[in-house]
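Under my numbering, the letters of the sequence shown match residues 7 to 162, in that order. Data block below; observations after.
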Amino acid sequence: MAKVDVGKKIKDCKIECTDTKKTKLSDFLKKNLLLYFYPRDMTPGCTTESIEFNANLSKIKKLNYELVGVSRDSIKSHDKFIAKYKFKFPLISDEAEKICKLFDVIKEKSLYGRKYMGVDRSTFLLNKKGIVLFQWRNVKVKGHVPEVVEKIKELA
7 MAKVDVGKKI KDCKIECTDT KKTKLSDFLK KNLLLYFYPR DMTPGCTTES IEFNANLSKI
67 KKLNYELVGV SRDSIKSHDK FIAKYKFKFP LISDEAEKIC KLFDVIKEKS LYGRKYMGVD
127 RSTFLLNKKG IVLFQWRNVK VKGHVPEVVE KIKELA
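Shown next as structure tokens:
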């Protein structure tokens, strides 16, 4: 499978989403797409990042972008996450890691000396044709969302 990279078109695939009207990744491409991958619902860094994206949602939408988060958590977990923090954007459940592998965000991680495969926090900007305009990999939460909003403005 070709690695997703800037200037390359992504391959469409079926998805499971909290917005049940969306069944394929391309369903989000009526506008440009801000797609962010995060490790787990309800964890401190992922919660902070998602809250910051939600707080900037009106700016993101004004710049003609859809916002969607992706993790390996279940739809049930996503529904609880959305309800608890009142997110106004959908989340994709990728329990089979299909989209994560497509975007090459599954990486070896280490926690307390234990190695495991997990989601590398990453963000992608795509245009309506599904072409990657910009990507951030191995994201640090602090300062990330304002940087993404600035890049969207720059690309507009």
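All residues carry an ideal CB built from backbone N, CA and C; glycine is no exception.
Using C-beta distances below 8 Å, list every residue in its chain close to residue i, excluding the 5 sequence neighbours before and after it, in chain order.
i: Leu161; result: Leu131, Leu139 and Phe140
i: Tyr71; result: Lys37, Asn38, Leu39, Leu40, Leu131 and Ile158
i: Gly13; result: Ile137 and Val138
i: Asp85; result: Thr24
Quick check on this structure: which residue in the options has the alpha carbon closest to the alpha carbon of residue i?
i: Phe59; options: Ile105, Val151, Ala102 and Lys157; result: Val151
i: Glu55; options: Tyr44, Asn133 and Lys14; result: Tyr44
i: Thr24; options: Gly75, Val12, Lys15 and Ile158; result: Gly75
i: Arg143; options: Gly149, Gly136, Ser128 and Arg78; result: Ser128
i: Leu40; options: Lys82, Asn62 and Ser83; result: Asn62
i: Lys9; options: Ser83, Phe109 and Pro96; result: Phe109
i: Lys94; options: Gly149, Leu73 and Glu103; result: Leu73
i: Asp100; options: Lys65, Lys92, Lys90 and Ile112; result: Ile112
i: Tyr91; options: Thr53, Val145, Asp33 and Gly149; result: Thr53
i: Glu103; options: Ser116, Lys67, Tyr42 and Ser77; result: Ser77
Is residue i near residue j, with beta carbons less than 8 Å apart?
i: Gly51; j: Val155; result: no
i: Glu22; j: Ile88; result: no
i: Ile81; j: Cys19; result: no
i: Ile16; j: Gly136; result: yes
i: Lys107; j: Leu35; result: no
Based on DSSP bridge pairs, tell me the residues matched to residue i.
i: Thr129; result: Tyr42 and Trp142
i: Gly124; result: Lys113
i: Ile98; result: Cys23 and Val76
i: Lys30; result: Lys20
Which residues in the same chain have their Cβ closer than 6 Å to the Cβ of residue i, if we skip the five residues on either side of it in sequence?
i: Leu69; result: Ile158 and Ala162
i: Asp47; result: Asp79, Ser83 and Phe87
i: Ser64; result: none
Output needed for residue i: all residues of its chain with C-beta closer than 7 Å, excluding positions within five of it in sequence on either side, in chain order.
i: Glu153; result: none
i: Val145; result: Arg127, Ser128 and Thr129
i: Pro96; result: Cys23, Thr24, Asp25, Lys28 and Val74
Validate contact between the stretch 112-128 and the stretch 22-33 using beta carbons, cut 8 Å, 3 pairs: Segments in contact, no.
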